[in-house]
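All remarks here apply to the structure that follows.
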Amino acid sequence: MNRKLLSVAVFLTLMLTSLLAGHHNYCTARNEITADLNQALVQTLKENRDYIITQDTIKTYKHLRQTSGGQVLIAVSDERFCHHLKNKRLQKTAFITFDVVDNRYRNQLPDEHVICSDTLMVRDKHAGEILALKGYARLSAASVFGMSDQRIPAACMISAFLWAMLSWLYLRKKQEEPEVVTGFGGLVYSEADRRFYTAAHTPIRFTPMQQQLMLLFWNAPSHSLTKEAICTALWPKKEDANDTLYTLIRRLKPIVEEHTDLKIVADRGRNYSLEINKVEN
């Protein structure tokens, strides 16, 4: 079970890393496009600040706005603006919009398929109007995703699927292999689970220290250990662990006798052995 949980945890970690990194790089790409639109718009205004939008276009815009009674969006495909874009992939989809800043002005929000620059307020000396200019690039989410750097997210995702496949093959092979289980006096130890069970395969709940001591008994020749060997293995830095060992043995004895046919026997206080508990008739 622990191996399965570990496999799932690693897979989910890799997938989550891939998704978070992919989203971060996607947002970074959008921010870079916005910054590119901003600088291109600024460069365009620097080149021709006094004559930005023709007076005829502004008159047409006002007439359309008055006729429709609502918001009007006029998109201008400006060659100068497109020329200043650093990302050449934006040139075919980039355009400028303007709005006359008056009592009917409302800052228009872009739809989900466009990325816009910040709004720049400028005064057109020829038209005598204050214009709100924005640069746009019409891009779908897939297009922005294609422009972002997805190498690390892709590597994490590929690693996640490779890990899942290898883990599945490993766990399947482990399931097909016969489990190594040894028993003694009604006590069973599973190498796969690293746990002790009763003869009915019910887990015996030892504390971590009790588990260590039982493993020492289990692996020792004749299941017998000297007091010094136990103290050295469990408390290597403790000078005198006799009282601690006595308390550990005292609490462990009833658990062993309750769940198995074994008992812990002390030999003159020097050795401790795990022996079969013979019930007299």
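Heads up, this note's numbering is the position in the sequence shown plus 110, with the first residue counted as 1.
Note that beta-carbon positions come from the ideal geometry of N, C-alpha and C, so glycine has one too.
- For Leu372, the CB contacts under 8 Å within the same chain, skipping 5 residues up- and downstream, are Phe294, Gly295, Gly296, Leu297, Val366, Leu384, Glu385, Ile386, Asn387 in chain order.
- Thr144 is positioned such that its CB atom lies closer than 8 Å to that of Ile225.
- Arg304 places its beta carbon 8 Å or farther from that of Pro313.
- DSSP places Gly245 in the strand class (E or B) of the three-state scheme.
- For the pair Leu183 and Glu239, the Cα-to-Cα distance works out to about 17 Å.
- Taking C-beta atoms as the reference points, Met267 and Ser128 count as a pair closer than 8 Å.
- Residue burial is scored here from C-beta neighbours: Pro331 has fewer than 16 other C-beta atoms within 10 angstroms and is therefore classed as exposed.
- Beta-bridge partners of Ser250 (DSSP): none assigned.
- In the structure shown, Lys202 falls within a coil segment according to DSSP collapsed to helix, strand and coil.
- Inside the stretch 155–188, DSSP marks whole beta strand (DSSP E) runs of 3 or more residues at positions 184–186, from first to last along the chain.
- Counting only the Cα atoms, Ala252 lies some 38 Å from Leu281.
- A contact is defined here as three or more CB-CB pairs under 8 Å, and the stretch 191–203 fails this definition with respect to the stretch 167–175.
- Proximity of the stretch 255–274 to the stretch 114–129 meets the contact definition, three or more beta-carbon pairs being nearer than 8 Å.
- Between Leu335 and Tyr299 the beta-carbon gap is near 16 Å, outside 8 Å, which marks them as no contact.
- Cβ contact annotation for Val211 (same chain, cutoff 6 Å, sequence separation greater than five): Ile240, Ala242, in chain order.
- Taken in chain order, the complete beta strand (DSSP E) segments of 3 residues or longer contained in the stretch 331–367 are 334–336.
- The Cβ atoms of Ala204 and Gly245 lie closer than 8 Å to each other.
- Looking at Tyr356, Arg261, His369, the one whose alpha-carbon comes closest to that of Ala309 is His369.
- Ranking Val375, Thr167, Ala150, Ala339 by CA distance to the CA of Ala247 puts Ala150 first.
- Cβ atoms of Asp146 and Lys196 come within 8 Å of each other, at about 5 Å.
- For Leu195, there is no enclosing alpha helix (DSSP H), as DSSP marks it with neither H nor E.
- Closest option to Arg315, judged by alpha-carbon separation, among Arg361, Thr138, Trp345, Lys284: Arg361.
- When the beta-carbon positions are compared, Leu325 and Ile340 stay at least 8 Å from each other.
- Rounded to the nearest angstrom, the gap between the Cα atoms of Gly256 and Ala264 is 12 Å.
- When the beta-carbon positions are compared, Gln321 and Leu344 stay at least 8 Å from each other.
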